[in-house]
Amino acid sequence: MKAEINLITIWTDKIDRMRNFYNQVLGFRIKNDLGNYVEFENNGVRFAICMRNVMYSYSDEYRKKVVGQAFELAFPCENPDDVDEAFKKLVTMGATPVHQPQNMPWNRRTALFADPDGNIHEIFSEII
1 MKAEINLITI
11 WTDKIDRMRN
21 FYNQVLGFRI
31 KNDLGNYVEF
41 ENNGVRFAIC
51 MRNVMYSYSD
61 EYRKKVVGQA
71 FELAFPCENP
81 DDVDEAFKKL
91 VTMGATPVHQ
101 PQNMPWNRRT
111 ALFADPDGNI
121 HEIFSEII
């Protein structure tokens, strides 16, 4: 095995809401839509969402209720002002606000929002 990530898949029970959010709100173009699996165009690592029940025949672990924040995706912005503008736009388009834009001690301006399943993600920019 290589220590390399090739694909990130977000498991969901609400594929239509998640497909629309990642496509229409975040702007990911759909590369392949099989109904219960949607892969988006993305530079670098492949990115997809998939119905959790697709995996039920492989392991009963997928039937367990997921509790808590398990991962975060971080999306870069052009500059600190873009973080503020992007945050407002995302919230207007349906993202759930989690944390308003703020300058952090590690020289980044960040904001947090959630997708329809409650996964919390970050937008950020280096502070120049």
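Take 1 as the starting number for the sequence shown in full-length UniProt numbering and just add one per residue. Beta carbons: idealized from backbone N, C-alpha and C, even for Gly.
What do you get for residue i, buried or exposed, if any count of 16 or more other CB atoms within 10 angstroms of its CB means buried?
i	result
Val-45	exposed
Ser-57	exposed
Ile-123	buried
Ser-125	buried
Ala-86	buried
Ala-3	exposed
Leu-34	exposed
Could you tell me which residues DSSP pairs with residue i in its beta bridges?
i	result
Gln-102	Thr-110
Met-51	Thr-12
Asn-119	Looking at the DSSP assignment, Asn-119 forms no beta bridge with any residue, so it has no partner.
Ser-59	Its beta-bridge partners do not exist; DSSP assigns none.
Asn-32	Glu-39
The alpha helix (DSSP H) spanning residue i covers which residue range?
i	result
Glu-85	80-92
I believe residue i touches residue j by the beta-carbon criterion, under 8 Å. Please report the beta-carbon distance rounded to the nearest angstrom.
i	j	result
Ala-114	Val-83	With a Cβ gap of about 16 Å, Ala-114 and Val-83 do not count as contacting.
Ala-48	Glu-39	4 Å
Asp-117	Met-51	In fact, because the Cβ distance is near 12 Å, the residues do not count as touching under 8 Å.
Asn-103	Ile-127	6 Å
For residue i, which residues of its own chain have a beta-carbon under 8 Å away from its beta-carbon, when the five flanking residues on both sides are left out?
i	result
Met-93	Gln-24 and Val-25
Ala-74	His-121, Glu-122, Ile-123 and Phe-124
Val-91	Pro-97 and Phe-113
Gln-100	Phe-87 and Ala-111
Span of the beta strand (DSSP E) holding residue i?
i	result
Val-38	37-40
Please go through the same chain and pick out, in chain order, the residues whose beta-carbon is closer than 7 Å to the beta-carbon of residue i, but skip the five residues on each side of it.
i	result
Glu-72	Ile-120, His-121 and Glu-122
Gly-27	none
Pro-80	Arg-109, Ser-125 and Ile-127
Excluding five sequence neighbours on each side, which residues of the same chain lie with their C-beta closer than 6 Å to the C-beta of residue i?
i	result
Glu-41	Arg-29 and Lys-31
Asp-13	Arg-52
Gln-69	Ile-120
Val-54	Asn-36
Could you tell me whether any Cβ in chain C is nearer than 8 Å to the Cβ of residue i?
i	result
Arg-109	This model lacks chain C altogether; it includes just one protein chain.
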